[in-house]
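To start, the structure under review is shown below, and the notes come after it.
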Amino acid sequence: MGIWIGDIKRETKYADSIVTKSLKALQAKGMIKLVEHYQNKGKKFYLSKDFEPSKELTGGNWYSEGKLDREYINTLKGFCGRMIQKMKVATIEGIVDSFKKSGASKVDLSREQIQEIVNALVLDNEVMEVKSTGSGEFDFIPIGKICYKCYAKGGVKGEPKTGAMASIPCGVCPRISHCTPNGVISPRTCVYYTKWLDF
1 MGIWIGDIKR
11 ETKYADSIVT
21 KSLKALQAKG
31 MIKLVEHYQN
41 KGKKFYLSKD
51 FEPSKELTGG
61 NWYSEGKLDR
71 EYINTLKGFC
81 GRMIQKMKVA
91 TIEGIVDSFK
101 KSGASKVDLS
111 REQIQEIVNA
121 LVLDNEVMEV
131 KSTGSGEFDF
141 IPIGKICYKC
151 YAKGGVKGEP
161 KTGAMASIPC
171 GVCPRISHCT
181 PNGVISPRTC
191 VYYTKWLDF
């Protein structure tokens with residue numbers, strides 16, 4: 001991970017000016033490098049030039065030069081979304097496998113990191129998380145397995161496309177089986193139907 005400049009000063013018990021001068025000399029010789037913490041820019045860590053800083057220090061693959069790399073994340077989200085759309089229904093294992101075969105990322109991403117991208121798509125209402133029923137479009141996926149699919153085209157963002165009967169009050173009425181033109185329950189006496197017609 002590296003060593004924090006405050007720890008160096010405390011452990012060596014040298015004056016701040018001597019520690020700072022020594023660290024600058026080691027940096028000039030190319031023996032150590034300075035890495036800033038991605039969340040706390042004022043916290044400086046030093047480590048050997050031969051080591052790569054840990055993700056706890058740099059923020060991992062989602063950060064570049066201490067800043068959240070939104071462009072990279074959006075590129076990966078777009079790629080995962082297109083992959084899920086192409087597969088129709090996808091498991092995380094299928095997404096990871098396709099992702100690795102494609103070489104879409106500049107670095108090798110773990111299953112957990114790809115899962116984070118897919119979770120972001122779910123939270124953004126671009127993809128829905130469903131459980132396999134084992135039949136129909138899920139026939140190749142075991143029952144109960146979590147899978148991902150794109151929302152139906154034509155719906156509002158984040159909502160599946162609704163059928164024709166769902167857009168009128170009758171489509172969701174629990175008493176529709178008792179509704180008749182001249183009965184007690186009828187379109188003439190229905191307040192919801194009247195409101196819908198007035199809209």
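The letter at position 145 of the sequence shown is residue 145 when you use the UniProt record's numbering, and the numbering goes up by one with no holes.
Beta carbons: idealized from backbone N, C-alpha and C, even for Gly.
Along the chain, where does the beta strand (DSSP E) that runs through residue i open and close?
i: LYS35; result: Per the sequence shown, the amino acid found at residue 35 is Val instead of Lys. It spans 32 to 36 - the beta strand (DSSP E) in which VAL35 sits, taken as one unbroken run.
i: LYS44; result: 44 to 48
i: ILE146; result: 146 to 150
i: VAL172; result: Taken as a continuous stretch (DSSP letters only), VAL172 belongs to no beta strand (DSSP E), as it is neither H nor E.
i: GLU126; result: No beta strand (DSSP E) holds GLU126; DSSP gives it neither H nor E.
Residue i and residue j look like a contact to me (Cβ under 8 Å); what is the Cβ gap, rounded to whole Å?
i: GLU129; j: ILE143; result: With 8 Å as the limit, GLU129 and ILE143 do not qualify as a contact, their Cβ atoms being about 16 Å apart.
i: ILE84; j: LYS149; result: 7 Å
In whole angstroms, give me the CA-to-CA distance for residue i and residue j.
i: PRO160; j: ASP108; result: Here the model assigns PRO160 a pLDDT of 49, short of 50, so the residue's position is not dependable, and the following value carries that caveat. Straight-line Cα distance between these residues: approximately 34 Å.
i: GLY6; j: LYS33; result: 16 Å
i: ALA120; j: GLY81; result: 10 Å
i: LYS131; j: LYS101; result: 25 Å
i: GLY42; j: GLN115; result: 32 Å
i: GLY171; j: ARG188; result: 16 Å
i: LEU123; j: ALA25; result: 48 Å
i: LEU23; j: TYR151; result: 55 Å
i: THR133; j: THR91; result: 13 Å
i: residue 200; j: ILE73; result: An answer regarding residue 200 cannot be provided, because it is not within the stretch 1 to 199 covered by the chain.
i: CYS179; j: CYS190; result: 9 Å
i: residue 261; j: ASN125; result: With the chain represented from 1 up to 199, any question about residue 261 goes unanswered, as that position is not in the structure.
i: MET87; j: PHE138; result: 11 Å
i: GLY158; j: LYS21; result: Its pLDDT being 46, under 50, GLY158 is placed unreliably in this model, and the coordinates cannot settle the point.
i: ASP97; j: PHE51; result: 30 Å
i: ASP69; j: TYR46; result: 23 Å
i: ASP198; j: GLY103; result: 56 Å
Would residue i pass as a contact of residue j if the rule is Cβ separation under 8 Å?
i: GLU36; j: LYS49; result: no
i: VAL118; j: ILE95; result: yes
i: VAL19; j: ILE8; result: yes
i: VAL89; j: ILE141; result: yes
i: TYR193; j: PRO174; result: no
Mind checking if residue i is an interface residue toward chain C, Cβ cutoff 8 Å exclusive?
i: GLY136; result: Checking the listed chains, one finds no chain C in this structure; it contains a single protein chain.
Where does the unbroken alpha helix (DSSP H) through residue i begin, and where does it stop?
i: ILE5; result: 5 to 12
i: ILE18; result: 16 to 28
i: ASP102; result: First, the residue type needs correcting, since residue 102 is Ser and not Asp in the sequence shown. SER102 -> alpha helix (DSSP H) spans 92 to 102.
i: TYR193; result: 191 to 198
i: VAL122; result: 111 to 123
i: LYS77; result: 70 to 87
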